[in-house]
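The structure under discussion appears below in the form of structure tokens.
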Amino acid sequence: MKLRLKHKFAGFTLDLDLEAGSGITALFGRSGAGKSTIINAIAGLLRPDEGYLEVDGTVLMDTTRGLHMPPHKRRFGTVFQDARLFAHLTVAQNLDFGTRYAPRGTSVPRAEVIDLLGLAGLLDRAPNTLSGGEKQRTALGRALLSAPRMLLMDEPLASLDSARKHEILPYLEHLRDGPLNLPILYVSHAVDEITRLADTLIVIKKGHIAAQGPLRDVMSDPAAVPLIGVREAGSVIEATVQSHDADGLSTLRLRGGNLVLPGVMAAVGTTLRLRIKAQDVMIARTRPEGISALNILAARIIGIHAGAGPGAAVTLDVGGEQILARITGRAVSALGLEVGTSCFAVLKSTAIAQSSIGR
Ligand SMILES: Nc1ncnc2c1ncn2[C@@H]1O[C@H](COP(=O)(O)OP(=O)(O)OP(=O)(O)O)[C@@H](O)[C@H]1O
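Residue 356, in the working numbering, is where the sequence shown stops; the numbers in between run on with no holes.
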């Protein structure tokens, strides 16, 4: 789905062309970058001084022509930070409300949505008896049942505590990978959430697109480090669980070797995505010995990007997989690192947090 969006307010302008295929397209950016305004503008909830919105060649809004398609006709399903359920209706009745908005001739199988979101046991409950995660699942179900052309989600997990967040993430992964094939535009400022969920990443800065592309490409692009934030930046790689070992560690196979990590819950054979923060990767010219770090991967340097400060982002090729390391410029000089240098990436087992492991 292609969107062309331009909205002008006093003191703030949104101007972007974005493309979102099926799966999750994450909108990421600093506070005030314009992420929520983009969601509200697409949904039709704003009255800008000047505004234009085109979706797959159809103009939904053009203030120069006095055109402003109302929100319910735009066919976008919305889920916000607060679930915004109808308090006087049960979960089932809230879901009915979604169905009522589905355009004639379209329908999303209700049983499938209830099953996908685990709502079967909650249907008779009132919203004030639900946990935060259950409320969000209901809001998501209601949005899905309106048969939207796209789902707009604005920080849907931001008001949940960490346990509730981890309870709902698998539902979002199933929605992403499931049969509904719905494009989802997903706003979050949490990098761990985005690296778990997104297929495509769009970084917003001051109402414009600063970077966009497949999640793994943007995350491993050294130029994107300042946009993501130096502490959060890092590559996303795929690895397959090979064994769960007797000492509580698990061995994962990636293209360029094995990783040994704690706390991996997935079954042997499962392919997972892992975020490896650039600041957790060290580089050695020769294979280190007598070192406690269990993960030592043979690598070759394919890019060095000096930062504005003392840091440098080094892109490593590890068996065809790109891993980003953030080290100091001083270390780059001291080790004589250049593009083409063969080296070793060194990673502590505990460097990859449970929140950085997704399906
Ligand atoms: N109706 C409006 N009139 C004028 N300025 C607006 C209007 N709506 C939003 N803005 C401005 O747009 C900018 C972006 O705000 P927005 O809430 O979209 O950012 P955000 O990226 O979602 O931030 P956060 O992560 O903090 O929610 C802000 O400077 C805000 O003041």
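From the three backbone atoms N, C-alpha and C, an ideal C-beta is built for every residue, glycine too. Remember, it's a predicted structure, so these values are computed and weren't measured experimentally.
Based on Cα-Cα distance, which residue from 123, 168, 344 lies nearest to residue 279?
344
Buried or exposed: which applies to residue 85, given that a residue is buried once 16 or more other Cβ atoms fall within 10 Å of its Cβ?
exposed
First and last residue of the uninterrupted alpha helix (DSSP H) at residue 223:
222 to 225
Report yes or no: do three or more beta-carbon pairs, one from the segment 171 to 181 and one from the segment 250 to 263, lie closer than 8 Å?
no
So residue 68 is in the alpha helix (DSSP H); what residue range does that whole segment cover?
68 to 71
Pick out whichever of 259, 324, 10 has its Cα sitting closest to the Cα of residue 238.
Selected option, being the one with the closest Cα: 259.
Of the residues 21, 75, 46, which one's Cα is nearest the Cα of residue 61?
46
Please list the terminal residues of the continuous alpha helix (DSSP H) segment that includes residue 162.
159 to 174
Could you tell me which residues DSSP pairs with residue 241 in its beta bridges?
247.
Within this structure, are the beta carbons of residue 377 and residue 135 separated by less than 8 Å?
Since the first residue of the chain shown is -2 and the last is 356, residue 377 is not available in this structure.
Does the Cβ of residue 28 lie closer than 7 Å to at least one heavy atom of ligand 1?
Because some heavy atom of ligand 1 lies under 7 Å away, the Cβ of residue 28 counts as near it: yes.
What is the rounded straight-line gap between the Cα of residue 56 and the Cα of residue 147?
16 Å
Does the count of Cβ pairs from the segment 143 to 157 and the segment 112 to 120 closer than 8 Å reach three?
The segment 143 to 157, when compared against the segment 112 to 120, does not touch it at the 8 Å Cβ threshold.
Examine the Cβ distances between the segment 284 to 295 and the segment 335 to 344 and report whether three or more of them are shorter than 8 Å.
The segment 284 to 295 makes contact with the segment 335 to 344, as at least three CB pairs between them are under 8 Å.
When you compare each of 10, 321, 349, 51 to residue 269 by their alpha carbons, which one comes out closest?
349
Under 8 Å between the Cβ atoms of residue 397 and residue 215?
With the chain covering only -2 through 356, there is no way to say anything about residue 397.
With distance defined between alpha-carbon atoms, name the residue in 101, 94, 125, 102 nearest to residue 137.
94
Segment limits, beta strand (DSSP E) that includes residue 266
Unbroken run through residue 266: none, as it is neither H nor E.
Who are the Cβ neighbours of residue 303 in its own chain at under 7 Å, not counting the five residues just before and after it?
If we look at residue 303 and ignore the five residues flanking it on each side, its Cβ neighbours are 309, 326.
Look up residue 125 in the DSSP assignment and say whether it is helix, strand or coil.
helix
Hey, is residue 205 close to ligand 1, as in C-beta under 7 Å from one of its heavy atoms?
no
Is the beta carbon of residue 69 within less than 7 Å of some heavy atom of ligand 1?
no
Taking just the CA atoms, how far does residue 132 sit from residue 120?
It is roughly 11 Å from the alpha-carbon of residue 120 to the alpha-carbon of residue 132.
From the DSSP output, in three-state form, read off residue 77 for me.
coil
Cβ neighbour criterion (16 or more within 10 Å) applied to residue -1:
exposed
Per DSSP, what kind of secondary structure is residue 178 in: helix, strand or coil?
coil
Shortest alpha-carbon distance to residue 277 belongs to which of 267, 290, 14, 266?
290
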